[in-house]
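Asks: Sequential numbering from 0 applies to the sequence shown in numbering that gives the first Met the number 0.
We treat Cβ as the ideally placed atom computed from N, Cα and C, and that holds for glycine.
Computed from a predicted structure; not experimentally measured.
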Amino acid sequence: MSLISDVRSGLARLDHSRRGLKKFGLTMAIMLGLLATLLFIFSSRPQRAWWLAGIAVLLLGLALSYPSSLNPLHRLWMGLALVLGYFMSRILLTILFYFIITPIGLIMRLAGKDILNERIEPDRQSYWIVRPKTETSPDRYEKLF
0 MSLISDVRSG LARLDHSRRG LKKFGLTMAI MLGLLATLLF IFSSRPQRAW
50 WLAGIAVLLL GLALSYPSSL NPLHRLWMGL ALVLGYFMSR ILLTILFYFI
100 ITPIGLIMRL AGKDILNERI EPDRQSYWIV RPKTETSPDR YEKLF
């Protein structure tokens with residue numbers, strides 16, 4: 000698994016249909032419109048909000064009239080999302096392992112707790128459990144539980 004092959008396979012699975020591109024354009028327009036509104040209300044520079052609102056209106060118009068024109072933007076945006084996802088998943092898993100699982104293991108080791116060897120009896124010959132013979136009919140496999 001490499002970054003390039005993951006991004007390529009992810010981009011190959013994208014929905015390039017008219018409906019998928021329209022959905023992408025509408026989503027981006029709504030999100031940029033909300034961001035523009037928040038910037039207009041809370042920012043000291045409302046000019047940036049007008050730029051974002053203009054881009055949102057442009058995306059909305061393209062999504063409703065000519066969605067296939069959003070295909071390059073969609074591929075670029077999703078490629079960026081796949082690259083970020085590739086790195087963030089590895090970063091989060093590393094943090095989880097080194098800051099959560101490793102300290103728990105060290106604490107258990109210091110406390111003398113060994114979960115894996117808890118049930119092992121050293122003088123026992125085998126851990127095989129002999130089950131009684133039962134009749135096997137095809138009906139038995141229909142309702143397993």
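From the DSSP output, in three-state form, read off Asp14 for me.
Replies: Along the sequence shown, read from residue 1 onward, the residue named residue 14 stands at position 15. Three-state result, Asp14: coil.
Asks: Have a look at Lys22 and Ile90 and give me their C-alpha separation to the nearest angstrom.
Replies: Walking along the sequence shown from the start, residue 22 turns up at place 23. Walking along the sequence shown from the start, residue 90 turns up at place 91. Each residue's alpha carbon lies about 30 Å from the other.
Asks: Let me confirm a value: His15 is counted as buried when at least 16 other C-beta atoms fall within 10 Å, else exposed. Which label applies?
Replies: Position 16 of the sequence shown holds residue 15. It is exposed - the Cβ of His15 has fewer than 16 other Cβ atoms within 10 Å.
Asks: Give the range of the alpha helix (DSSP H) segment to which Leu69 is assigned.
Replies: Stepping through the sequence shown from its first residue, residue 69 is reached at position 70. DSSP places Leu69 outside any alpha helix (DSSP H), giving it a letter other than H or E.
Asks: Helix, strand or coil for Ser88? Go by DSSP, reduced to three states.
Replies: Within the sequence shown, numbered from 1, the residue matching residue 88 stands at position 89. The answer is helix: DSSP assigns Ser88 an H, G or I state.
Asks: Got a sec, what are the start and stop residues for the alpha helix (DSSP H) Arg108 sits in?
Replies: Taking the sequence shown and counting its residues from 1, the one referred to as residue 108 is at position 109. Note, Arg108: alpha helix (DSSP H), Thr101 to Leu109.
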